[in-house]
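Participant: Protein chains in written order, with the numbering used here: chain E, 2 to 101; chain V, 23 to 164.
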Amino acid sequence: MLKGIFGSNSLTHLIRGGLEETSASHRVIASRVAGALNSSSSVDFADTLNQKTAASKQQVEADLQRDMTELADTTIRYEADSKLLQQAYARLRTAISDHA
Amino acid sequence: MTMPRLPGFPITPRPVRQLMGPLGTAARGMSVQQRFLEIISENIANAETTRTAEGGAYRREVGVVGTDASGQLTTSIVQDKSPGRLEYDPGHPDANANGFVEYPNLDISSELVDMMIVRRVHEANASVFQAAKSMLRSALEI
Chain E
2 MLKGIFGSNS LTHLIRGGLE ETSASHRVIA SRVAGALNSS SSVDFADTLN
52 QKTAASKQQV EADLQRDMTE LADTTIRYEA DSKLLQQAYA RLRTAISDHA
Chain V
23 MTMPRLPGFP ITPRPVRQLM GPLGTAARGM SVQQRFLEII SENIANAETT
73 RTAEGGAYRR EVGVVGTDAS GQLTTSIVQD KSPGRLEYDP GHPDANANGF
123 VEYPNLDISS ELVDMMIVRR VHEANASVFQ AAKSMLRSAL EI
């Protein structure tokens with residue numbers, strides 16, 4: 002019976018999976034925003050800078066606007082998941098305390 | 023009397039660092055932006071410097087982001103070697119034989135624009151940090 006409550010097909014397990022997926026997305030967004038700028042200058046001045054930043058320019062340019070939208074989305078999803086998990090555990094606690 | 027040993031069960035350690043990961047990443051991003059701001063402010067402060075210890079006018083500096091062997095963000099400074107603007111001022115102590123003074127190769131307007139960009143990215147990193155904090159808080163409420 003406990004397997005049905007906490008097992009891999011249970012509601013709590015599904016919500017936990019959602020939480021982990023959302024926090025993984027958040028880690029990716031955080032690293033994209035942290036590396037949003039390759040250099041402190043928006044003006045290309047010489048070959049020196051181009052040589053220095055050649056490798057990093059190949060990386061995907063961070064689109065801050067898209068990242069911040071995704072961040073808001075991720076935060077709300079995480080909070081919704083955690084609230085759902087909180088309620089699922091509260092229901093379980095109620096069931097346990099009523100039948101004790 | 024000895025207590026019977028309970029059967030063991032597999033424990034899969036969940037690194038706390040992974041949970042705190044976005045906080046550290048956003049903090050590193052903010053420190054990179056702070057370094058950029060220092061470089062830009064140094065450029066602005068030296069906008070009229072015509073004499074340096076190395077000789078000649080001040081050269082504009084640009085911060086460049088890289089990653090070290092462990093994948094952490096690092097910053098390095100690259101000097102812009104392009105020639106500065108020349109102004110005719112024979113009375114200036116740093117004027118050359120033809121009466122021209124070489125000023126730093128930087129434009130204040132561009133530096134201010136760069137500063138605004140850096141500030142916005144710093145704010146974005148701060149937002150990521152705040153979001154990570156609120157997510158951690160809601161996780162602790164479960």
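Where is the CB? At the ideal position from N, CA and C, for every residue including glycine.
#1: Name the chain E residues that come within less than 7 Å of V/R141, Cβ to Cβ?
#2: Does the Cβ-Cβ distance between V/V48 and E/A31 come in under 7 Å?
#3: If contacts are defined as beta-carbon pairs under 8 Å, then E/G36 and V/L95 qualify, I think. What distance do you get, rounded to the angstrom?
#4: Going by alpha carbons, who is nearest to E/E22 out of E/T70, E/S42, E/E80 and E/L38?
#5: Assuming contact is defined by CB atoms lying nearer than 7 Å, are V/F122 and V/L134 in contact in what I supplied?
#6: Could you confirm whether any beta carbon from chain V is found closer than 7 Å to the beta carbon of E/Q60?
#7: Skipping 5 residues on each side, what residues in its chain have a beta carbon closer than 6 Å to that of V/M137?
#8: Should V/Y110 go down as buried or exposed, given a rule of 16 or more other Cβ atoms within 10 Å for buried?
#9: For the segment 73-87 of chain V, which residues have a CB atom closer than 8 Å to at least one CB atom of chain E, in sequence order?
#10: Taking one C-beta from the segment 42-61 of chain V and one from the segment 82-101 of chain V each time, how about it: are there three or more such pairs within less than 8 Å?
#11: Does the separation of the CB atoms of V/V54 and V/T97 fall below 7 Å?
#12: Which residues in chain V have a C-beta closer than 9 Å to the C-beta of E/S43? List them in chain order.
Facilitator: Let's see:
#1: Within 7 Å Cβ-Cβ: nothing; V/R141 doesn't reach chain E, min ~11 Å.
#2: Val is not the amino acid found at residue 48 of chain V; the sequence shown has Ala there. Between V/A48 and E/A31, the C-beta gap is smaller than 7 Å, which places the two residues in contact.
#3: With 8 Å as the limit, E/G36 and V/L95 qualify as a contact, their Cβ atoms being about 6 Å apart.
#4: E/E80
#5: Pairing V/F122 with V/L134 gives a Cβ-Cβ distance that is not under 7 Å.
#6: Residue confidence for E/Q60 is low, a pLDDT of 45 falling below 50, so the modelled location carries little weight; the figure read from the coordinates is stated next. No, E/Q60 lies away from the interface with chain V (no Cβ there is under 7 Å from its Cβ).
#7: I62
#8: exposed
#9: For the segment 73-87 of chain V, the set of residues with a beta-carbon nearer than 8 Å to any beta-carbon of chain E comprises R82, V84, G85, V86 and V87, in chain order.
#10: yes
#11: yes
#12: S132, V135, D136 and I139
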